[in-house]
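Peer 1: The structure follows.
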Amino acid sequence: MKRRIIILFFLFNISLNHDFGFACLCPPPPPPKVALKNSDAVFIGQVIEMTIDTTDTFDFLLAPVYRVKLTVYASWKRAELGEIIITTFIESSLCGYPFEKDTTYLVYASMEEDTLFAGRCSRTKKLTESDYDLSELGFPTIGKLPAGFPRNPILCQNYPNPFNVFTIIKYSIPRQSVVTLKLYNPLGKEVYTLVDEFQEPTTYSFNFDASGLSNGVYFYRLQVENQFVETKKMVLIR
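Going by the numbering used here, the final residue of the sequence shown carries number 818, and the count climbs one at a time with no gaps.
Laid out in structure tokens, this is it:
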């Protein structure tokens with residue numbers, strides 16, 4: 581059974597009452613892909629209801645929790661579309677996450693005693709602050725991103741990678757743009773122009789055939805007008 585890992589600082593108040601307090605201390609969060617692997621559920625959801633549950637407490641702390649109901653719009657891992665309930669501590673000092681009603685979040689949750697739990701020490705954040713995570717996570721396996729997201733273009737890692745002859749490159753643009761997608765060798769010489777055209781805002785999937793290339797490392801670069809440029813590495817192994 582997993583345990584909720586919370587680092588608590590006991591702050592001793594030198595007084596007649598000898599009061600103790602708690603403070604939440606989180607280690608640096610892992611990168612989005614690592615957080616995806618380590619989490620039991622990763623999804624985008626809008627909070628529709630929050631209730632206090634005093635029957636679900638954390639062992640010796642006897643701290644009540646919020647039961648947070650969300651509507652799931654998109655999921656990368658173990659969350660179906662529709663409604664889902666997660667828990668978090670009410671107290672921020674116990675690393676509870678400050679969810680707000682009617683706000684949409686990118687949630688990284690862990691299974692704790694048969695309940696999904698998300699706290700401050702996860703990568704959970706408001707969707708409006710999640711551009712970097714979305715660019716790293718790529719496209720959801722279930723559902724789609726809400727309208728207007730991503731606010732910036734997203735270039736995904738090709739799959740499979742390494743690959744043998746065929747691989748898929750996915751990218752997304754949030755608005756009408758002139759898009760170029762080019763392939764380079766390790767010396768920086770352009771090998772192929774895969775895309776060079778005006779495109780509508782949506783998700784694109786490019787099936788790349790590398791049968792004319794020799795084994796090795798290559799780089800593909802997405803440029804969206806003069807506003808966005810990103811390069812990723814692919815490895816061809818026959």
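We treat Cβ as the ideally placed atom computed from N, Cα and C, and that holds for glycine.
Which value, in whole angstroms, describes the spacing of the CA atoms of K617 and I632?
Peer 2: Position 37 of the sequence shown, counted from the first residue, corresponds to residue 617. Position 52 of the sequence shown, counted from the first residue, corresponds to residue 632. Each residue's Cα considered, the two are about 30 Å apart.
Peer 1: For A654, which residues does DSSP report across the bridge?
Peer 2: Start at 1 with the first residue of the sequence shown, and residue 654 comes out as number 74. A654 is bridged to I624, G723.
Peer 1: What residues are listed by DSSP as bridge partners for E810?
Peer 2: For the purposes of this step, residue 810 is taken as the residue at position 230 of the sequence shown. In DSSP, E810 forms a bridge with L802.
Peer 1: Sort S791, F788, K762 by Cα distance to Q803 and report the nearest one.
Peer 2: To locate residue 803, count along the sequence shown from 1; it is residue 223. Nearest of S791, F788, K762 to Q803, Cα basis: K762.
Peer 1: Which two residues bound the contiguous beta strand (DSSP E) that contains Y751?
Peer 2: Here residue 751 refers to the residue found at position 171 when the sequence shown is read from its first residue. Segment 746–752, the beta strand (DSSP E) holding Y751.
Peer 1: Is it right to say I664 is buried, meaning 16 or more other beta carbons lie within 10 angstroms of its own, or is it exposed?
Peer 2: Within the sequence shown, numbered from 1, the residue matching residue 664 stands at position 84. That one is buried.
Peer 1: Return yes when the Cβ of Y653 is within less than 8 Å of the Cβ of F679, no when it is not.
Peer 2: Taking the first residue of the sequence shown as 1, we reach residue 679 at position 99. Taking the first residue of the sequence shown as 1, we reach residue 653 at position 73. No, the Cβ-Cβ distance between F679 and Y653 is not below 8 Å.
Peer 1: Opposite D633 in the DSSP bridges: which residues?
Peer 2: Residue mapping note: residue 633 aligns to position 53 of the sequence shown, counting from 1. Bridge partners of D633: V645.
Peer 1: If I'm right that Q626 touches L650 with Cβ under 8 Å, what's the distance once you round it to whole angstroms?
Peer 2: Taking the sequence shown and counting its residues from 1, the one referred to as residue 626 is at position 46. Taking the sequence shown and counting its residues from 1, the one referred to as residue 650 is at position 70. At roughly 6 Å, the Cβ-Cβ gap stays under 8 Å, so Q626 and L650 are in contact.
Peer 1: Report the residue from P644, Y784, I722, N795 whose alpha carbon sits nearest the alpha carbon of R755.
Peer 2: Indexing the sequence shown from 1 puts residue 755 at position 175. Comparing Cα positions, the closest option is Y784.
Peer 1: By alpha-carbon positions, which one of A790, S757, D789 ends up nearest to F778?
Peer 2: Taking the first residue of the sequence shown as 1, we reach residue 778 at position 198. Of the candidates A790, S757, D789, the one whose C-alpha sits nearest the C-alpha of F778 is S757.
Peer 1: Exposed or buried, which one is D713 when buried takes at least 16 other CB atoms within 10 Å?
Peer 2: As a first step, residue 713 is located in the sequence shown; it is residue number 133 there, counting from the start. With 16 or more Cβ atoms within 10 Å of its Cβ, D713 is classed as buried.
Peer 1: Could you give the first and the last residue of the continuous alpha helix (DSSP H) run that contains D713?
Peer 2: Within the sequence shown, numbered from 1, the residue matching residue 713 stands at position 133. Per DSSP, D713 belongs to the alpha helix (DSSP H) from 711–717.
Peer 1: With respect to the beta strand (DSSP E) encompassing N787, which residues constitute its N-terminal and C-terminal limits?
Peer 2: Here residue 787 refers to the residue found at position 207 when the sequence shown is read from its first residue. 783–789 is the span of the beta strand (DSSP E), which, as asked, contains N787.
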